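Residue numbers (our numbering): 377 to 519.
Ideal placement from N, C-alpha and C gives every residue a C-beta, glycine not left out.
Please read all numbers here as calculations on a predicted model, not as lab measurements.
I have placed the structure first, in the form of structure tokens, so that the comments after it can refer back to it.
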Ligand SMILES: CC(C)(COP(=O)(O)OP(=O)(O)OC[C@H]1O[C@@H](n2cnc3c(N)ncnc32)[C@H](O)[C@@H]1OP(=O)(O)O)[C@@H](O)C(=O)NCCC(=O)NCCS
């Protein structure tokens, strides 16, 4: 498995399509809702299996010491095979290597265990997405 930023237009299309399929379509959200206004400023990671994107994640710059992981999604047929944790490990390396000392994220309730295994601590409930998906603020410190 190779993890890198998408490059060609078709890779970028696959990248956003996976985000949409996993994180938006099941809740009947419109196409386009999988993107926000910050796409051009952030770091994007895609996991490729035989040239097919099977996992995605975005690392946002919050301030010199804090990064935020967003839009984590793994193709349903490829989940629980290590794709998500490999993406997280690479995003964490980039965060620590670029001077961050803390990573934050907002996790959906059903995946708290995934992030806890990677050393994230649940801080408090945060927002409710689409009126039904409770999120929790989680943090991990460098060290
Ligand atoms: C959550 C997600 C990114 C995890 O990616 P993945 O590739 O399936 O995870 P991995 O195979 O790397 O799993 C790593 C470990 O976490 C565990 N894990 C995975 N999903 C889990 C979950 N939902 N709850 C608890 N543990 C979980 C795995 O069992 C594995 O444990 P092990 O190391 O003891 O074997 C992926 O399942 C996904 O896209 N889910 C749907 C979208 C979503 O909710 N994204 C997160 C938004 S905050």
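message: Comparing C-alpha positions only, which one of 409, 497, 437 and 432 sits nearest to residue 417?
response: Closest by alpha carbon: 437.
message: Could you tell me the alpha carbon to alpha carbon distance between residue 353 and residue 422, rounded to whole angstroms?
response: Beyond the ends of the chain as shown, which are 377 and 519, falls residue 353; an answer cannot be given.
N- and C-terminal bounds of the alpha helix (DSSP H) containing residue 459: In the DSSP annotation of this structure, the continuous segment of the alpha helix (DSSP H) that includes residue 459 starts and ends at 459-473.
Proximity winner among 497, 511, 506 and 420, relative to residue 401 (alpha-carbon distances): Of the candidates 497, 511, 506 and 420, the one whose C-alpha sits nearest the C-alpha of residue 401 is 506.
query: Got a sec, what are the start and stop residues for the beta strand (DSSP E) residue 493 sits in?
result: Annotation for residue 493: no beta strand (DSSP E) segment contains it, though the alpha helix (DSSP H) segment containing it runs 488-493.
- prompt: Just to confirm, are residue 396 and residue 381 a CB contact at a threshold of 7 angstroms?
  reply: No. Outside cutoff.
message: Going by the DSSP bridge assignment, what does residue 407 pair with across the sheet?
response: The partner list for residue 407 (beta bridge, DSSP) is empty, contrary to what the question assumes.
message: Less than 6 angstroms between C-beta atoms, sequence neighbours within five positions excluded: which residues of the same chain meet that for residue 450?
response: The residues are 431, 459 and 460.
message: Quick check: what's the CA-CA separation for residue 419 versus residue 399?
response: One C-alpha to the other measures close to 19 angstroms.
query: Looking only at its own chain, which residues have a Cβ that is under 6 angstroms from the Cβ of residue 509, when we skip the five neighbours before and after it?
result: Same-chain partners within the cutoff: 484.
message: Given 6 angstroms as the limit, tell me if residue 448 has its C-beta closer than that to any heavy atom belonging to ligand 1.
response: Flag set: Cβ of residue 448 near ligand 1.
field: Between the CA atoms of residue 407 and residue 475 - distance to the nearest angstrom
entry: Between residue 475 and residue 407, the C-alpha separation is close to 35 angstroms.
field: Same chain, Cβ closer than 7 angstroms to residue 513, five either side skipped, listed in chain order
entry: Cβ within range, chain order: 480, 482, 499, 500 and 502.
message: Tell me which residue opens and which closes the beta strand (DSSP E) that residue 437 is part of.
response: 428-439 is the span of the beta strand (DSSP E), which, as asked, contains residue 437.
message: To the nearest angstrom, how far is the alpha carbon of residue 387 from that of residue 429?
response: For residue 387 and residue 429, the distance between alpha carbons rounds to 8 angstroms.
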